[in-house]
Amino acid sequence: MDKTFEPKSIEQQCYQSWESSGMFKASGEGEPYCILLPPPNVTGSLHMGHGFQQTIMDVLTRYHRMKGDNTLWQVGTDHAGIATQMVVERQLNAQGKTRHDLGREEFVEKIWDWKAQSGGTITQQMRRMGTSPDWDREVFTMDDNLSQAVTEVFVKLHEEGLIYRGKRLVNWDPVLHTAVSDLEVLNEEEAGFMWHMRYPLADGSGELVVATTRPETMLGDTAVAVHPEDERYADLVGKEIKLPITGRLIPIIADDYVDPEFGTGCVKITPAHDFNDYDMGKRHNLPMINVLTADAKINDEAPEAYRGMDRFDARKQIVADLDSAGLLVKIDDHKLKVPRGDRTGAVIEPFLTDQWYVAVESLATPAIEAVESGEIRFVPENWNKTYYQWMHNIQDWCISRQLWWGHRIPAWYDDEGNIYVGRDEAEVRAKHGLDDGISLTQDEDVLDTWFSSALWPFATLGWPKETPELETFLPSSVLVTGFDIIFFWVARMIMMTKKFTGKIPFKDIYITGLIRDESGDKMSKSKGNVLDPIDLIDGIELEDLVNKRTSGMMQPQLAEKIAKRTRKQFPDGIQAYGTDALRFTFAAMASTSRDINFDMGRVEGYRNFCNKIWNASRFVLMNTETEDTGRDGGDMQLSLADHWILAKFQQTLKEFEQALADYRFDIAAQTAYEFTWNQFCDWYLELTKPVLNSEESTPAQKRGTRHTLINMLESMLRLLHPFMPFITEEIWQKVAPLSAVKDETQSIMVQPFPTQDTALQDDQVLADIEWVKRFIVGIRNIRGEMDISPNKPLNAKLRNVSDEDRRRIDTARVFIDRLARLESIDILAEGEQAPPSATAIVGDMEILIPMAGLIDKDAELARLSKAIDKTEKDLSRVQGKLANEKFVSNAPDAVIEKERSKLDEAEKQLSKLKEQYETINAL
Numbered sequence: 001m002d003k004t005f006e007p008k009s010i011e012q013q014c015y016q017s018w019e020s021s022g023m024f025k026a027s028g029e030g031e032p033y034c035i036l037l038p039p040p041n042v043t044g045s046l047h048m049g050h051g052f053q054q055t056i057m058d059v060l061t062r063y064h065r066m067k068g069d070n071t072l073w074q075v076g077t078d079h080a081g082i083a084t085q086m087v088v089e090r091q092l093n094a095q096g097k098t099r100h101d102l103g104r105e106e107f108v109e110k111i112w113d114w115k116a117q118s119g120g121t122i123t124q125q126m127r128r129m130g131t132s133p134d135w136d137r138e139v140f141t142m143d144d145n146l147s148q149a150v151t152e153v154f155v156k157l158h159e160e161g162l163i164y165r166g167k168r169l170v171n172w173d174p175v176l177h178t179a180v181s182d183l184e185v186l187n188e189e190e191a192g193f194m195w196h197m198r199y200p201l202a203d204g205s206g207e208l209v210v211a212t213t214r215p216e217t218m219l220g221d222t223a224v225a226v227h228p229e230d231e232r233y234a235d236l237v238g239k240e241i242k243l244p245i246t247g248r249l250i251p252i253i254a255d256d257y258v259d260p261e262f263g264t265g266c267v268k269i270t271p272a273h274d275f276n277d278y279d280m281g282k283r284h285n286l287p288m289i290n291v292l293t294a295d296a297k298i299n300d301e302a303p304e305a306y307r308g309m310d311r312f313d314a315r316k317q318i319v320a321d322l323d324s325a326g327l328l329v330k331i332d333d334h335k336l337k338v339p340r341g342d343r344t345g346a347v348i349e350p351f352l353t354d355q356w357y358v359a360v361e362s363l364a365t366p367a368i369e370a371v372e373s374g375e376i377r378f379v380p381e382n383w384n385k386t387y388y389q390w391m392h393n394i395q396d397w398c399i400s401r402q403l404w405w406g407h408r409i410p411a412w413y414d415d416e417g418n419i420y421v422g423r424d425e426a427e428v429r430a431k432h433g434l435d436d437g438i439s440l441t442q443d444e445d446v447l448d449t450w451f452s453s454a455l456w457p458f459a460t461l462g463w464p465k466e467t468p469e470l471e472t473f474l475p476s477s478v479l480v481t482g483f484d485i486i487f488f489w490v491a492r493m494i495m496m497t498k499k500f501t502g503k504i505p506f507k508d509i510y511i512t513g514l515i516r517d518e519s520g521d522k523m524s525k526s527k528g529n530v531l532d533p534i535d536l537i538d539g540i541e542l543e544d545l546v547n548k549r550t551s552g553m554m555q556p557q558l559a560e561k562i563a564k565r566t567r568k569q570f571p572d573g574i575q576a577y578g579t580d581a582l583r584f585t586f587a588a589m590a591s592t593s594r595d596i597n598f599d600m601g602r603v604e605g606y607r608n609f610c611n612k613i614w615n616a617s618r619f620v621l622m623n624t625e626t627e628d629t630g631r632d633g634g635d636m637q638l639s640l641a642d643h644w645i646l647a648k649f650q651q652t653l654k655e656f657e658q659a660l661a662d663y664r665f666d667i668a669a670q671t672a673y674e675f676t677w678n679q680f681c682d683w684y685l686e687l688t689k690p691v692l693n694s695e696e697s698t699p700a701q702k703r704g705t706r707h708t709l710i711n712m713l714e715s716m717l718r719l720l721h722p723f724m725p726f727i728t729e730e731i732w733q734k735v736a737p738l739s740a741v742k743d744e745t746q747s748i749m750v751q752p753f754p755t756q757d758t759a760l761q762d763d764q765v766l767a768d769i770e771w772v773k774r775f776i777v778g779i780r781n782i783r784g785e786m787d788i789s790p791n792k793p794l795n796a797k798l799r800n801v802s803d804e805d806r807r808r809i810d811t812a813r814v815f816i817d818r819l820a821r822l823e824s825i826d827i828l829a830e831g832e833q834a835p836p837s838a839t840a841i842v843g844d845m846e847i848l849i850p851m852a853g854l855i856d857k858d859a860e861l862a863r864l865s866k867a868i869d870k871t872e873k874d875l876s877r878v879q880g881k882l883a884n885e886k887f888v889s890n891a892p893d894a895v896i897e898k899e900r901s902k903l904d905e906a907e908k909q910l911s912k913l914k915e916q917y918e919t920i921n922a923l
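Just so we're aligned: 545 in full-length UniProt numbering is position 545 of the sequence shown, and the numbers increase by one with no gaps anywhere.
Next comes the structure, spelled out in structure tokens:
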């Protein structure tokens, strides 16, 4: 093995070997285990959320594959209607063209060309993360077989009356000219205004004052509403208002929705431009007057003076006109949530249009029952409430989008506007007896991408055909996803899968937290705190990182701020940590928390963990490569340490597998880390040296320890493999030929996962070595506290020694003498006095190390006195900071927490130093 671990030199070559050997395929043997990859957008690139979730999925996949399960990780990408169309449209715009210059057919061909050339970025990045899905089964939501499934579902739902076309309010993006889902709308607080306007009563007897944040919508008002129990307006209900500017007469109505405490208690109602008003309009049978065009300009329903004006220009004009007429009461500053399209940044309009809908009430009932009955389980369980809350208040689902890229709606119109739905035009004509003389035009709209994604659990397995995969892997075992799409995707997959297969789509739904930066802020380009997983794997120079974070920014001041922040945070850029360190970090962070703060220090720590494994493996190989490891038999005698590490591994294995079963990846990672670093690398390797290096050890003893050493390392690599696939594969290839592995020509990823063996569990051995460790650590602590060289042999005297202590001393004497560097051990008789000594405690037994001749008392007291003075000054400085109210009020939480940690550490250090001073002073 090379002296140092270099991830770059092994990762890509290793991955290519796995993929080309077909090792990611389901074996066809064992219990089915299936995971569905939430399909990333074909336009996308890997971000921290992807890396986090895909690491979890790959851990489960590799683990179950090694457990002998028939394991399939089904992979694919989503066609991302809006995002993909925008990418190609921008390319055309750069050439001075629009999609309309090409026409629909040629434009769609351009998108397919783009997909072939540039649409595989994220799947290549997934490979860099070491993920192991069956790439031969990779699907795309616009593939022919998935498109067939989409059409089939649409037609069947329409035949049952569950898909219909209707005029309702939708989220409308006036730049894209399409309806968008709630998930594609960003609601962020912005500074705005509240305009208060007078609405005169039609009979001239008075007026009402209403307030609005969108004065331009008043052109479409069809009522003013008050609360039915508001005594101020009780006698006005049923009267009419003469709507300013338009002159239309509109009624005053009473509705429980109105909050009498808000504003004047009078609310203008614009059913065609507000979702709450729309519901109220339906309750009171109000007219719905749309006053906007598709690009958010004033249409012909409004007075002529405003027609064709942009909505915000119209707003200014309307406010000016109201002011001129004496109808503007006041304008207040007002903070409000402004809905903006996540792709365009344009203010989204509630817009009344004809769209296609799924009536979901009948689909929701069995989907609710599947979770209530426990057939489907949310992990953590508290997400059940979120699911139920939405499902019990579910609204019909708008599934049409005004785009060219996507699954075109399988509906045709004749010249009279009649609608015909079918799998294709030929079926429509045959079904309805329409000859070629009747002109039919297919609907221009496409289906929402969430519609095709809702079919993912069964369409990816071959539905509507009855395939072996569909029979074997539906339901899948677990869905790993985020809480933000429980409504948009998870619930819809449950509804659609139950409807069309009668099965649930998955048994468990593991909901992950959201990856935030180390301060708890959401990662975003505008904050300049985005991390790219590939940069953490490969490393990136500082200026390249700065350019990456600031590229394309239109605001120079923001770009400079982000550049400054980046240079301060990463003065040397980001070093290359490798995939294994990043994966282990993700796994170790996968707790049940809703938000997970990403700490770069942990990646560095787990890179050190990789180095620890590498160096430990080199030690094992140096002691076994040219020696007899018992692979071919021979007499073997295991030491106490050998029995201990085997028993400790069984304990670790049990805890590790239980943690994975509970989806506690953080606990599994910590369990594996603790065993690997502390037990195997630190303790066991040290405990093997007295056997391997002693001339008094017999060949059987040495062979037994070498056998345990190499096979324990091999088993440990298999334990770690689901988390750290590359480093474990590289080392395993060198370890396997020396171990008891029967076929070392294969990859570690197709080796069996270690199995629990109760015969190796030995509580007595575990307790014995823990006692030995405490004994050795006690003496090492004395050396450290008294500044005694680790190479200086010591004489130990023992007091309060039990029979069990005596047995352990006799059993483990070879380890104690070598690792504690003892020259002698004397057991004091009862009442026998010991010379001035430093003391360590192991249970009731005292370990006494006489200090005579070991230290210079005066020099040591002087050293400790100096250290105490320095620590007291450090402590005083930190205390002063935390006592400063200005600092505590203004400093970020992370900074304050860091100072508190310093305070705690300084207090502990001071206490320890004073204790040492008193001990030496008493000698």
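We treat Cβ as the ideally placed atom computed from N, Cα and C, and that holds for glycine.
Counting along the chain, Val772 sits inside the alpha helix (DSSP H) bounded by residues 763-786.
Counting along the chain, Trp390 sits inside the alpha helix (DSSP H) bounded by residues 383-391. For Gln442, the secondary structure class from DSSP, reduced to helix, strand or coil, is strand. The Cβ atoms of Glu216 and Ile331 lie no closer than 7 Å to each other. For Glu830 and Arg799, the gap between their C-alpha atoms comes out near 8 Å.
In this structure the segment 125-141 lies against the segment 12-22, because at least three pairs of beta carbons, one per stretch, are closer than 8 Å.
Our two residues, Gly22 and Arg137, have alpha carbons roughly 12 Å apart in a direct line.
A distance below 7 Å separates the beta carbons of His407 and Ser147. In this structure, Arg165 lies near Trp356, with their beta-carbon atoms less than 7 Å apart. The C-beta distance from Trp412 to Leu440 rounds to 4 Å, short enough to meet the 8 Å contact threshold. In this structure, Lys167 and Leu352 form a Cβ contact; the two beta carbons are roughly 6 Å apart against a cut-off of 8 Å. Bounds of the beta strand (DSSP E) holding Ala211 are 207-212. Inclusion of Ile376 and Ile504 in the CB contact set at 7 Å is warranted, their separation being smaller than that value. In the DSSP assignment, Cys610 falls within the unbroken alpha helix (DSSP H) covering 600-622. For Glu657, the closest C-alpha among the options Lys67, Pro339, Lys8 is that of Lys67. For the pair Phe275 and Pro350, the CB atoms are nearer than the 7 Å cut-off. DSSP, read as helix, strand or coil, puts Arg706 in helix.
By alpha-carbon distance to Ile298, the top candidate from Lys316, Ile896, His284 is Lys316. Cβ neighbours of Asn187 within its own chain (closer than 6 Å, five residues either side excluded): Lys337, Pro339. Secondary structure remark: continuous beta strand (DSSP E) runs of at least 3 residues inside the segment 7-39, in chain order: 32-36. Annotated three-state conformation of Thr353 is strand, per DSSP.
Only buried fits His643, as 16 or more other CB atoms lie within 10 angstroms of its CB. Within the same chain, Cβ atoms closer than 7 Å to the Cβ of Phe584 are found at Tyr606, Phe609, Ala669, Phe723, Met724, the five residues on either side in sequence being excluded. Between Asp595 and the set Ile515, Glu29, Tyr673, the nearest pair of CA atoms involves Ile515. Scanning the segment 787-827 for uninterrupted beta strand (DSSP E) segments of 3 residues or longer gives 794-799, 822-827, listed from N- to C-terminal end. The beta carbon of Asp310 sits closer than 6 Å to the beta carbons of Lys297 from its chain, once the five residues preceding and following it are set aside; these are given in chain order.
Ranked by Cα distance from Lys110, the options Val88, Asp538, Arg567 are led by Val88. Ile399 places its beta carbon less than 7 Å from that of Val358. Cβ neighbours of Pro228 within its own chain (closer than 6 Å, five residues either side excluded): Ala254.
The beta carbon of Thr467 sits closer than 7 Å to the beta carbons of Leu461 from its chain, once the five residues preceding and following it are set aside; these are given in chain order. By the C-beta density criterion, Met495 is buried, having at least 16 other C-beta atoms within 10 angstroms.
In this structure, Val224 places its C-beta atom within 7 Å of the C-beta atom of Ile252.
Ranking Gln74, Val75, Leu60, Ile122 by CA distance to the CA of Gly49 puts Ile122 first. For Arg62, the enclosing alpha helix (DSSP H) covers residues 48-66. For Thr758, the CB contacts under 8 Å within the same chain, skipping 5 residues up- and downstream, are Gln650 in chain order. Secondary structure note for Lys97: it is in no beta strand (DSSP E), with a DSSP letter that is neither H nor E.
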